[in-house]
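A short worksheet on the structure shown next.
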Amino acid sequence: MQLVVETVDLTKTYDNTTVVNKLNLSIEEGDIFGFLGPNGAGKTTTILMLLGLTEPTSGVARICGYNSTREPLKVKSISGYVPERIGFYEDLTARHNLIYTGRLNALSEETIRKRVDESLDIVGLSEAANQRVQEFSRGMKQRLAIADILIKQPKVAFLDEPTSGIDPEGVKEMLDLIAKIAREQKMTVILSSHQLHQVQQICNRVGILAKGQMVVEGPLDQLGREAFGGGRFRVELQLAETTAALVDCIKRIEGVLSVERSGDLLLVSCLEDLRPQIARAIVDKGGLLIQMKIQSYALEDIYMKYFTEV
Ligand SMILES: Nc1ncnc2c1ncn2[C@@H]1O[C@H](COP(=O)(O)OP(=O)(O)OP(=O)(O)O)[C@@H](O)[C@H]1O
Ligand SMILES: [Mg+2]
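No gaps in the numbering here: position 162 of the sequence shown is 162 in my numbering, and each next residue is one more.
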C-alpha cells in the first residue's frame, strides 16, 4: 500500500542545533494522525519539510511517493495546510478569500463556485459567506481555514494546532468537523497538537515527538498496551469473598487479558470496558460484588510516561 506520508531519517539542523532528528514516519491513507509533542519539539519544522516549504538538512520526506524537496509543486497540489498562524485577506469576504484560493489553484470558475458553496456549507459558514474576515471570531477563522483546504480537495491535510485559542465548545466542534471531513472526503489528516485529551478523541494513530525524536508511534490501542504491559482498560473490583472459581470465570470472559490479586482487590486488564460482562459472570457464579471501577489508559498517561522517562 502506498504511504501517504513517509519520512526516512528526516533531519533539520539550525545553527548546529538539531531540531528534527532522524525522523521515520509512515502514515497510511485514511489515518488521522495525532502529531504530539511539547513546545519546540519540532512538529512545525517537520510539517514544513513535508510540504516542501523548508529543506531538510538530511533525509527524505515524501507525500504520496513524491519527494517534498524535489517535487514541491506536485506535493503542494495534493496537500492542504492550515498553518499555526492563519492568514486571510481580512478586508475580503469569506467567499472571496475562498474564490481567490480556487484561482491560485487554477480551478475553473464553475468548479470554484461549486466548491466554495460546498466548503462553506461543510464548515457551517454559509451564513457568514459575505461577511469580511476581519469581523470573524478566531473559531470562525479556523473553520474558514478548513474550508480553504477543501477547495482543492487534497489527499492529505496538515493541520498545525487547529484548536489553539478556541473555547472548549468550539474545540469539540472543530474536532468533530475534522473527523467528519477525514471520513467523508477520504482525506488523510495530520494534526499537530500538545493538547492530548483533544486529539485522542479523533486520532487513530499518534506519534509523540520529544526534542526532535519520535519517542513513541503507533495505533492508540497498541500504545496503551505497550506502555503499560497490559490492556487498554483496567477494571478494579472487590468481592465479598474472592474464590479461585470466581477468578477463573472472569479470566474466561472474552477480551480479558489478565486477572491479578492486589490485597482484597482484583485487577482485571482488558481490551474494552467489560464491566457488564464481569458483573454478570460474578453474579451467575453466585459471587457478591462490593465495588467495581474502571480506569482507561488515556493518551495523557502514555504521554506522561514517556515524558518522565525522556
Ligand atoms: N527558522 C528557524 N531558525 C532557527 N531555529 C528554529 C527555526 N524554526 C524553528 N526553530 C527551532 O526549532 C525548534 C523546533 O521548533 P518547531 O516550531 O518545529 O516546534 P513545535 O513542535 O512546532 O513547537 P510548538 O508546539 O511551540 O509549535 C525550536 O527550538 C525552534 O526554536
Ligand atoms: Mg509548532
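Just so it is clear, CB atoms sit at the ideal spot from N, CA and C, and this is done for glycine as well. All figures in this text were calculated on a predicted structure; none of them were measured in a lab.
Three or more Cβ pairs closer than 8 angstroms define a contact, and the region 234-246 falls short of that threshold against the region 65-85.
Between the C-alpha atoms of R95 and I122 there is a straight-line separation of about 14 angstroms. Short note on K43: C-beta closer than 8 angstroms to some heavy atom of ligand 2. When C-beta atoms of the region 167-174 are compared with those of the region 13-20, fewer than three pairs fall below 8 angstroms, so the two segments do not count as touching. Pairing V206 with G42 gives a Cβ-Cβ distance that is not under 9 angstroms. Separation of K186 and A245 (C-alpha to C-alpha, rounded to the nearest whole angstrom) is 49 angstroms. Here I27 really is in contact with T188; their C-beta atoms are around 6 angstroms apart, less than 8 angstroms. The alpha helix (DSSP H) runs lying completely inside the region 177-257 and spanning 4 residues or more are 196-199, 220-228 and 244-251, given in chain order. Taking a C-beta distance under 9 angstroms as the contact criterion, L120 and A106 do not qualify as a contact pair. In the DSSP assignment, V5 falls within the unbroken beta strand (DSSP E) covering L3 to Y14. A check of alpha carbon separations from G286 across S258, E272 and T242 identifies T242 as the nearest. Under the three-state reduction of DSSP output, I290 falls in the strand class. Q277 and L209 have their alpha carbons spaced roughly 38 angstroms apart.
Per DSSP, the beta bridge partners of S79 are V156. Bounds of any beta strand (DSSP E) do not take in R85, whose DSSP letter is neither H nor E. With a cut-off of 8 angstroms, the C-beta of D160 is classified as near ligand 2, since at least one heavy atom of the ligand falls inside that distance. Note that the C-beta distance between R62 and L3 is below 9 angstroms.
Distances from the CA of E217 to each of N24, S77 and D15 were compared; the closest alpha carbon is that of N24. With 16 or more other Cβ atoms from the protein chains shown falling within 10 Å of its own Cβ, P162 counts as buried. Excluding its 5 nearest sequence neighbours in each direction, V75 has C-beta neighbours in its own chain below 7 angstroms: L51, G52, I63, Y66 and S68, listed in chain order. The C-beta of Y81 has 16 or more other C-beta atoms within 10 Å across all chains shown, which makes the residue buried. If you check the C-beta of E109 against ligand 1, you find no heavy atom less than 8 angstroms away.
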